[in-house]
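First comes the structure, then the notes that go with it.
2 protein chains.
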Amino acid sequence: MKPFSLFHRSTSSEARCGLLETAHGTIETPAFMPVGSQGTVKGLEPEEVRACGFRMILGNAYHLFLRPGHELIESMGGLHHFMQWDGGILTDSGGYQIVSLADLCKITEEGVGFRSHLNGDWHLLSPEKSMAIQVALGSDIMMVLDHCPPFPCTESQAREAVQRTTRWARRSVEVPRKDHQWVFGIVQGGVFHALRKESAQGLIDINLDGFALGGLSLGEEKSAMFEMIETVVQELPPARPRYLMGVGLPEDLVEGVARGLDLFDCVIPTRHGRTGWLFTTTGRVLIKQAQYAKDPGPVDPECGCPVCQKFSRAYLRHLFVANEMLGVRLNTIHNLWYYGSLMQGLRQAIREDRFAEFRSEFYRRRISESQSTKELGEEVPG
Amino acid sequence: MKPFSLFHRSTSSEARCGLLETAHGTIETPAFMPVGSQGTVKGLEPEEVRACGFRMILGNAYHLFLRPGHELIESMGGLHHFMQWDGGILTDSGGYQIVSLADLCKITEEGVGFRSHLNGDWHLLSPEKSMAIQVALGSDIMMVLDHCPPFPCTESQAREAVQRTTRWARRSVEVPRKDHQWVFGIVQGGVFHALRKESAQGLIDINLDGFALGGLSLGEEKSAMFEMIETVVQELPPARPRYLMGVGLPEDLVEGVARGLDLFDCVIPTRHGRTGWLFTTTGRVLIKQAQYAKDPGPVDPECGCPVCQKFSRAYLRHLFVANEMLGVRLNTIHNLWYYGSLMQGLRQAIREDRFAEFRSEFYRRRISESQSTKELGEEVPG
């Protein structure tokens, strides 16, 4: 089985369509992966995630190692069987989660020492250990443990992280794994062009099945993020999948695809759903706003999701204001459906050689959003 | 349309099967109604509630009056349309909720004055106002405002509540309502046989479509509750439906049915689900217990619910321990399915003249539970 094959390239941009083969089905790219850190996409059953158009989700080695434990999951037949998801699973290595979630962490050449955010236990996550966890989980795509420096960081800090990430990637691919468990490396380098290039080059020499861009959307300017993406994509072999980690908003996906990226994950559709921030073709709907109290229409009249087929904005607002769990659930379904449809639209536009039109139309429809963003200030849900 | 018709009586007990006709379908009795106080059965979509076997749910005039307001719901086409539930809706009058939830309440002959538990606003709920709210909501069955004294209370307090409840019922039936909106009276009287009889007799003289037993399961001995039920049932006209409010555990439903009751509602299946207390044919499963950490089996091997078809006890325990919303949801579905199946089993047993066998079998299967209850002490979920 070959992990990845390209079958169409856009003529007007770097956008491309591919097929990512996993032991749990073929994923059409560009693809977005909903986040299911703890063995569940929050609030949804696996078949609902699939109905939103997704064939691969993201799990987290960090969360599942701490609770319920990768050995327990392995003894239950692996993560797919444990959570009853028969599609693909990409697992993050834990490097980023340790830095962002753990109470204390100490990075040495051996690995990342950290205190669990759950009970304070001290653990050491080495590149080998992270791979072993992901092997036990039965991941289809495993991420190597990386050293992800915070933003901002100095060039020398970024260089140290790049070089360590490359050394760790070399150690990672030596860990025995099952057939058809792909391993992706992670390009670091902060906002430094030369370091991003060096990181990509260092990883290319290792036998990796794909490449991720890490350490982006951490607070840098959006223009800097896209510059880094362009720099890295130029270095990467076209025949391998490219994955932008932890990004982002719908426009980030459109722009990432335009720059030749194939895979994305982000908590935004699910987390924003929980805070009542709903995505629509014409812009966002903050469902708590009083203007929706008596609004009998659906969240998005053009949306085909099961929520928009049935429930009014007024009802969703009531559920949100009354702190009812059903509201969180319906918002999540709607947002994931929006993301799923967006990716489906992007794939179709690329295949039909009208990516540029799709991209302009995407922004044209959302003029109303940029206006409402100005009115509201740059409010971000908590 | 005649509200209620009996079509089978058990030969070995007071148990009976009937059909309750509403503007939103026929409900086979004995029936249990899941609680949807705020316009949603917590966490579930209407079709899921239906799939669990329910054709009628309970809404609360108190909650919906305060938020989002009965007038808003009326302007949205009524509660059925607002929440997209096309089955029957019985609404509680608000009397009990005010006493249990409001910050302060003052009962006069005019009605119940209270401070909202949401924002402290002062409101007066009169019998007429409660009916008007329920008419606006579009309820299929409306409960009259009652005076529900706390437990314990003195005989003279209970008598005052009985007499006021009767006077309020007389005022309630005078309020204009739509065709096929049935009105049920509420029998009060605490744990005093004579008062329960007096209350039932007083309500029979009023043109009510059915009768409820209120003020039970408030802390009295279970034997006292069943004695009150027996006393009241003897007084009530057999041709009218009888509804036990806010009760209870599975065994309470079996015993209530045995004593000739037709309708039940309770938060137990949904609330216990949220606390990880799962009902099974052989007893309860407290899913947080360590014994389930690696248990690959379903919650109940005999259960036909979608949760037991797919997910293991180990996975449900993980979701519960990790505080994942999906766990709450799956637990709720399982518990409601259990209640729905129990009621279906009771109806079938009555129709087939084997209610006594069903009842013995129900207890025989649950021997394991009473053992585990002893081991655990009388632990009750929060």
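From first to last, the protein sequence lines are chains B and Y. The opening position of the first sequence corresponds to residue 1 in our numbering, with each subsequent residue numbered one higher. The opening position of the second sequence corresponds to residue 1001 in our numbering, with each subsequent residue numbered one higher. Ideal Cβ positions, reconstructed from N, Cα and C, are used throughout, including at glycine. Owing to the predicted nature of the structure, the values given are computational and were not obtained by experimental measurement.
Integer-rounded CB distance, given that residue j should sit under 8 Å from residue i
| i | j | result |
| --- | --- | --- |
| residue 33 of chain B | residue 265 of chain B | 4 Å |
| residue 1015 of chain Y | residue 1350 of chain Y | 5 Å |
| residue 1043 of chain Y | residue 325 of chain B | 4 Å |
| residue 1287 of chain Y | residue 1276 of chain Y | 4 Å |
| residue 1105 of chain Y | residue 1094 of chain Y | That pair is no contact at about 11 Å. |
| residue 1182 of chain Y | residue 1127 of chain Y | The pair is not a contact, with the Cβ atoms about 16 Å apart (cut-off 8 Å). |
| residue 1212 of chain Y | residue 1184 of chain Y | 5 Å |
| residue 238 of chain B | residue 279 of chain B | Rounded, the Cβ-Cβ distance is 31 Å, inconsistent with contact. |
| residue 988 of chain Y | residue 1130 of chain Y | Any property of residue 988 of chain Y remains undetermined from this structure, which presents chain Y solely from 1001 to 1382. |
| residue 99 of chain B | residue 270 of chain B | That pair is no contact at about 21 Å. |
| residue 1299 of chain Y | residue 1334 of chain Y | 6 Å |
Where residue i falls: helix, strand or coil (DSSP)
| i | result |
| --- | --- |
| residue 270 of chain B | helix |
| residue 190 of chain B | coil |
| residue 1259 of chain Y | coil |
| residue 1215 of chain Y | coil |
| residue 249 of chain B | coil |
| residue 1021 of chain Y | strand |
| residue 1355 of chain Y | helix |
| residue 342 of chain B | helix |
| residue 311 of chain B | coil |
| residue 1365 of chain Y | helix |
| residue 1202 of chain Y | helix |
| residue 1026 of chain Y | strand |
| residue 210 of chain B | strand |
| residue 376 of chain B | In this predicted model, residue 376 of chain B has a pLDDT of only 47, less than 50, meaning its place in the structure is not dependable enough to derive any value. |
| residue 1151 of chain Y | coil |
| residue 1321 of chain Y | helix |
| residue 326 of chain B | helix |
| residue 1129 of chain Y | helix |
| residue 231 of chain B | helix |
| residue 1176 of chain Y | coil |
| residue 382 of chain B | Residue placement at residue 382 of chain B is poorly supported in this model, since its pLDDT is 34, which falls under 50; the coordinates are not used for a value here. |
| residue 1347 of chain Y | helix |
Beta-ladder partner(s) of residue i, from DSSP
| i | result |
| --- | --- |
| residue 995 of chain Y | Only positions 1001 to 1382 of chain Y appear in the structure, and residue 995 of chain Y is not among them; the question remains open. |
| residue 236 of chain B | Beta-bridge pairing links residue 236 of chain B to no other residue. |
| residue 35 of chain B | B/58 |
| residue 1088 of chain Y | Y/1056 |
| residue 141 of chain B | B/90 and B/182 |
| residue 278 of chain B | B/285 |
| residue 196 of chain B | Paired residue(s): none; residue 196 of chain B is not in a bridge. |
| residue 1005 of chain Y | Y/1019 |
| residue 146 of chain B | According to DSSP, residue 146 of chain B bridges with nothing at all. |
| residue 1300 of chain Y | Residue 1300 of chain Y is not bridged to any residue. |
| residue 1264 of chain Y | Y/1032 and Y/1244 |
Residue i - containing beta strand (DSSP E), residue span
| i | result |
| --- | --- |
| residue 1060 of chain Y | 1056-1060 |
| residue 12 of chain B | Run containing residue 12 of chain B: none; DSSP gives neither H nor E here. |
| residue 285 of chain B | 283-286 |
| residue 1244 of chain Y | 1242-1244 |
Endpoints, alpha helix (DSSP H) assigned at residue i
| i | result |
| --- | --- |
| residue 1098 of chain Y | 1095-1101 |
| residue 166 of chain B | 155-172 |
| residue 1123 of chain Y | No alpha helix (DSSP H) holds residue 1123 of chain Y; the beta strand (DSSP E) holding it covers 1122-1125. |
| residue 82 of chain B | 79-83 |
| residue 1046 of chain Y | 1046-1051 |
| residue 424 of chain B | Because chain B spans 1 through 382 in this model, residue 424 of chain B falls outside it and cannot be assessed. |
Heavy atom of the ligand COA within 8 Å of residue i beta-carbon
| i | result |
| --- | --- |
| residue 1077 of chain Y | This structure does not include the ligand COA; it has no bound ligands of any sort. |
Exercise for review: Check each residue of the region 276-297 of chain B: if its Cβ is closer than 9 Å to any Cβ of chain Y, include it; give the result in chain order.
Suggested key: 293, 294 and 296
Review point. For the region 1024-1042 of chain Y, which residues have a beta carbon sitting closer than 7 Å to at least one beta carbon of chain B?
Key: Residues are counted here when their Cβ sits less than 7 Å from a Cβ of chain B; for the region 1024-1042 of chain Y these are 1038, 1039, 1040 and 1042, given in chain order.
Exercise for review: Anything in the region 349-365 of chain B with a Cβ closer than 8 Å to a Cβ of chain Y? List those residues in chain order, please.
Suggested key: none
Review point. Going along the chain, which residues of the region 122-133 of chain B sit with their C-beta nearer than 8 Å to a C-beta in chain Y?
Key: Along the region 122-133 of chain B, there is no position whose C-beta sits under 8 Å from a C-beta of chain Y.
Practice item. Please list the residues of the region 71-88 of chain B that have a C-beta atom closer than 7 Å to any C-beta atom in chain Y, keeping them in chain order. Key: When C-beta distances to chain Y are compared with 7 Å, the residues of the region 71-88 of chain B below that value are 72, 75, 76, 82, 83 and 84, in chain order.
**Study point:** chain Y contacts from the region 59-70 of chain B (Cβ-Cβ distance under 7 Å)
**Key:** 67 and 68
Practice item. With 9 Å as the C-beta to C-beta threshold (strictly closer), list the residues of the region 308-322 of chain B near chain Y in chain order. Key: 310, 311, 312, 314, 315, 317, 318, 319, 321 and 322
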